[in-house]
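End of the sequence shown sits at 384 in my numbering; the numbers just go up one at a time, nothing left out. This report refers to the structure that appears directly beneath it.
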Amino acid sequence: KLAGYIALADEIRPESAEAIKIFKKNNIKVLMATGDNEKTAKAVSEKLGLDGYYAEVLPHQKVEIVEELQSKGDFVAMTGDGVNDAPALKRADVGIAMGIKGTDVTKDSAEMILADDNFATIAKAVFEGRSIYDNLKKSILFVLPTYGAEGFVMMASVLIGGHMPITPLQILWINLVTAVTLGFALAFEPGEPNVTTRPPRKPNEPILDGFLIWRIGFVSVLLGSITLMVHHFLIQFGADYGHARSAAVNTLVAGEVFYLLNCRYLREPVLGKGFFSNPKVFYAISSVVLIQLFFTYTPFMNILFDTTPLHTRELTWILAAGLLFFIIVEIEKMITKKIFDNDSEKGGYFNPFKKIVPIRKSENGTMKSLWSNPSRSNFM
């Protein structure tokens, strides 16, 4: 005699649905490949708000799914916990294994392991990964133009035929001070406001893209020119070479201090709600100011670096030059944002596809085509 039925179901974590929403904001498409029945897969997919799914999938067909997505030019991440998931994780661009329930074979096949087996952790990882990549670009964008400005000052002096505004020893001092303090602060910069909404970058996109090359060249010439102008004006107003060199060194350092603020956002204006979000930036700036005061007004340093203490008028000129440099770079960011963002929309990033239809095995055991239109997708 039948007494009743018992039904078991794995509950969907509530944070998983929120993670799906975050992925959609990131223009990342999330698909499900499962060996379950189509009706079960459809119910789970609708509850989570997935972009599409594969049902009744065999282990080798998961590899085919990954390869099909990659053939469309997509960067694919695959999650799994069982031995049958290992080949697909190995074939994916990024294999993500479960750290708790995942088998050793799966973990060995993956590039990432989720310590908490929580799908929402992947969304956090995407945010952190984009923020770290941004900070790497910001550091490059800060360091290279400062070296470029120093080189521009030296080359321009040789071409003009005058004396060197900055000596090699003074250049070493500038690099030592800025590398230890200012450049280090950008590593702690939090993610920008648009980091969770902008499209993914192309996997083959070089870190030194057209935008960075332009900014590096522009800032190098601008900061170098302002440094030469301050040095030249002081000479014209009767200052000796010691004063002029001291002013040139401090102008370069002041320009780098202001440029550090510019670099906190790649294309967005610096002055806003997040201006005080990274206190380490202001610790670094305070350290540089104290170090430069020691450099400028200590007799021992004056003898060692062939400099002279500066007067109030000269310090005013230096601060004004640094502020002017800051304003010009911010204006340049406003202009280039429209130019480079438009270029990105035309092909610099992936364009998410419009529709995915439910997929399952055909009668001969092969997978039906996922691609209902020729647009490209983003799967992780």
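A virtual CB, placed ideally from N, CA and C, is assigned to each residue, including glycine.
- Ranked by how close their Cα comes to the Cα of A37, the residues H64, I16, G187, L180 have H64 in first place.
- Restricting attention to G103, T125, E154, A124, the CA atom closest to the CA of L256 is found in E154.
- Pairing E209 with N139 gives a Cβ-Cβ distance that is not under 8 Å.
- With a 10 Å radius around the Cβ and a threshold of 16 neighbouring Cβ atoms, M338 comes out exposed.
- Taking C-alpha positions only, A252 is separated from V162 by approximately 16 Å.
- Three or more beta-carbon pairs separated by less than 8 Å are not found between the region 119-127 and the region 172-182, which leaves the two stretches without contact.
- Setting aside the 5 residues that flank it on each side, A45 is surrounded in the same chain by M36, T38, Y57, A59, each with a C-beta closer than 7 Å to its C-beta; the list follows chain order.
- Three or more beta-carbon pairs separated by less than 8 Å link the region 314-332 to the region 222-237, which places the two stretches in contact.
- Setting aside the 5 residues that flank it on each side, Y287 is surrounded in the same chain by A189, each with a C-beta closer than 8 Å to its C-beta; the list follows chain order.
- G259 counts as buried, since at least 16 other C-beta atoms from the protein chains shown sit within 10 angstroms of its C-beta.
- G84 counts as buried, since at least 16 other C-beta atoms from the protein chains shown sit within 10 angstroms of its C-beta.
- When N31, T312, V70 are compared, the shortest CA-CA separation from D244 is found for T312.
- Restricting attention to I24, T110, E68, I16, the CA atom closest to the CA of L54 is found in I24.
- The DSSP-derived three-state label of A81 is strand.
- In the three-state reduction of the DSSP assignment, K141 falls in the helix class, which pools H, G and I.
- In summary, H167 is exposed, with fewer than 16 beta-carbon neighbours lying within 10 Å of its beta-carbon over all protein chains present.
- Rounded to whole angstroms, L314 and S250 show a C-alpha spacing of 7 Å.
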